[in-house]
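K.L.:
This note's numbering puts the first residue of the sequence shown at 166, with every later residue one more than the last.
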Amino acid sequence: MATELRGTETWGLALRKHWRLYTFAILPILWFLVFRYLPMAGNVIAFRRFRPGGSIFGEEWVGLYYIERFIQDQAFWQAFQNTVIIGGLTLLIVFPLPIILALLLNELRSRLFKRFVQTVSYLPHFMSIVIVAGFVFELTALDGTVNRLVQLFGGDPISFMQQADWFRTIYISSEVWQTVGWGTILYLATLTTIDAQLYEAARIDGANRWKQTWHVTLPGIRPTMVVLLILNIGQFMQVGFEKIFLLYNTLTQPTADVLSTYIYRVGLTSGQLSYATAIGLFEAVIGLVLVFSANAISRRVTGSSLW
């Protein structure tokens with residue numbers, strides 16, 4: 166009890182002493198409360214029938230009606246399958262590339278060239294999703310750059326954005342172009358914290374550059390890799406709505422329609438808000454389970470975890 170009181174007094178003393186610094190946390194906390202936590206109360210309409218113009222918390226209890234409904238909905242499972250495939254490909258392909266690029270940049274000796282590569286790779290991150298989608302449409306058009314290259318090698322032009330089989334390839338490629346450069350920032354920052362004496366000791370032991378990377382560099386950035394992997398797994402089901410919504414159409418919908426776009430269609434377009442909320446709640450629960458599972462597995466296997 167005395168220890169708890171001392172801890173409380175210590176925290177209170179720190180608050181009184183550094184109250185100006187703590188005031189900077191007020192706006193972020195309010196933002197999370199208003200836009201993240203308060204909206205959670207709206208999840209109750211997944212179990213209540215919502216009618217426009219009525220109570221925001223629904224008119225009557227319907228239990229698991231909407232959950233049973235989307236479980237029996239073939240369109241839902243098609244969107245769920247597309248979400249898993251696109252999310253899995255993003256995790257498998259996009260996640261490791263910033264690590265590889267950071268390791269390559271770390272080996273560069275020309276600081277000028279290194280800064281040039283970093284700047285060029287960072288720029289796509291700051292572009293609007295609308296601009297990125299515009300680039301994709303221009304590049305994959307029948308008279309676009311990609312089809313000109315196809316014709317240069319003797320092929321026939323391909324209607325990439327009208328063929329469902331090409332959508333996932335195009336989406337993953339655009340994600341690589343837009344996010345990989347920006348993703349290297351944390352890894353490059355972590356690389357600077359690795360003790361240079363470890364590399365010196367490895368060289369004395371006869372380790373070449375590859376072995377130094379394997380035994381010194383990768384273990385040095387492993388905690389950062391683990392944290393980002395857990396966060397990415399948590400976002401596994403939340404495949405980017407904006408880009409997919411801008412890129413897909415009725416022809417590519419069989420492979421492009423994911424849970425976020427499906428929720429938009431049934432919720433806002435069709436006005437089935439309770440049904441859409443039930444699907445969104447299901448998606449959120451899966452994400453929560455994935456985060457806790459990934460964190461527990463990482464803590465047990467690697468000793469590093471998010472908490």
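By construction, the Cβ of each residue, glycine as well, lies at the ideal position given by its N, Cα and C atoms.
Since we're looking at a predicted model, the values are computed, not measured.
1) Quick one: which unbroken beta strand (DSSP E) runs of 3-plus residues sit fully inside the segment 300-327? Chain order, please.
2) Would you check if there are 3 or more beta carbon pairs closer than 8 Å linking the segment 250-260 to the segment 396-405?
3) Going by DSSP, name the residue or residues bridged to residue 226.
4) Note down the Cα distance separating residue 309 from residue 430, rounded to an integer number of angstroms.
5) By a C-beta neighbour count over all protein chains shown, 10 Å radius and 16 as the cutoff for buried, is residue 442 buried or exposed?
6) Can you tell me whether residue 312 is buried or exposed? The criterion is at least 16 other CB atoms within 10 Å of its CB, across all chains shown.
7) So, helix, strand or coil for residue 404, using DSSP?
8) So residue 420 and residue 332 are in contact, right, with Cβ under 8 Å, and what is the actual spacing, rounded?
9) Please return the same chain residues whose Cβ sits closer than 6 Å to the Cβ of residue 242, not counting the five positions on each side in sequence.
10) In chain order, what residues of the same chain lie with their CB nearer than 8 Å to the CB of residue 413, ignoring the 5 residues before and after it?
11) So, under 8 Å CB-CB, residue 383 and residue 260 are touching, yes? Tell me the CB distance rounded to an integer number of Å.
12) Look at the alpha carbon of residue 316 and the alpha carbon of residue 322, and state the distance between them as a whole number of angstroms.
13) Using CA coordinates, which residue listed in 469, 287, 326 and 186 is at the minimum distance from residue 392?
14) For residue 421, name the three-state secondary structure that DSSP assigns.
15) Please report the straight-line C-alpha distance between residue 170 and residue 179, rounded to a whole angstrom.
16) Rounded to the nearest angstrom, what separates residue 448 and residue 226 at their Cα positions?
17) Let me confirm a value: residue 424 is counted as buried when at least 16 other C-beta atoms fall within 10 Å, else exposed. Which label applies?
18) What are the boundary residues of the alpha helix (DSSP H) that includes residue 352?
19) Just checking my contact of residue 215 with residue 438 at CB under 8 Å: how many whole Å lie between their CB atoms?
20) Taking residue 247 as part of the alpha helix (DSSP H), name the residues at either end of that continuous run.
21) I need the DSSP call for residue 437, collapsed to helix, strand or coil.
22) Which two residues bound the contiguous alpha helix (DSSP H) that contains residue 399?
23) In angstroms with no decimal places, state the Cα-to-Cα distance between residue 418 and residue 237.
24) Is DSSP giving residue 466 helix, strand or coil here?
25) Given that a residue counts as buried once 16 or more other Cβ atoms are within 10 Å of its Cβ, and exposed if not, what is residue 167?
26) Spatial neighbours of residue 257 within its chain, please: CB distance less than 7 Å, with the 5 preceding and 5 following residues excluded, ordered by chain position.
27) Determine the DSSP secondary structure at residue 220, reduced to helix, strand or coil.
28) By a C-beta neighbour count over all protein chains shown, 10 Å radius and 16 as the cutoff for buried, is residue 217 buried or exposed?
P.N.:
In terms of the structure at hand:
1) none
2) yes
3) 213
4) 31 Å
5) buried
6) buried
7) coil
8) 5 Å
9) none
10) 332, 421, 422 and 426
11) With a Cβ gap of about 15 Å, residue 383 and residue 260 do not count as contacting.
12) 7 Å
13) 469
14) helix
15) The predicted model places residue 170 with a pLDDT of 43, which falls under 50 and marks its position as unreliable, so this point remains unresolved.
16) 21 Å
17) buried
18) 329-356
19) 5 Å
20) 239-254
21) coil
22) 383-399
23) 20 Å
24) helix
25) Only weak support exists for where residue 167 lies, its pLDDT of 41 falling under 50; the value from the coordinates is given anyway. Looking at its Cβ environment, which holds fewer than 16 other Cβ atoms inside 10 Å, residue 167 is exposed.
26) none
27) coil
28) exposed
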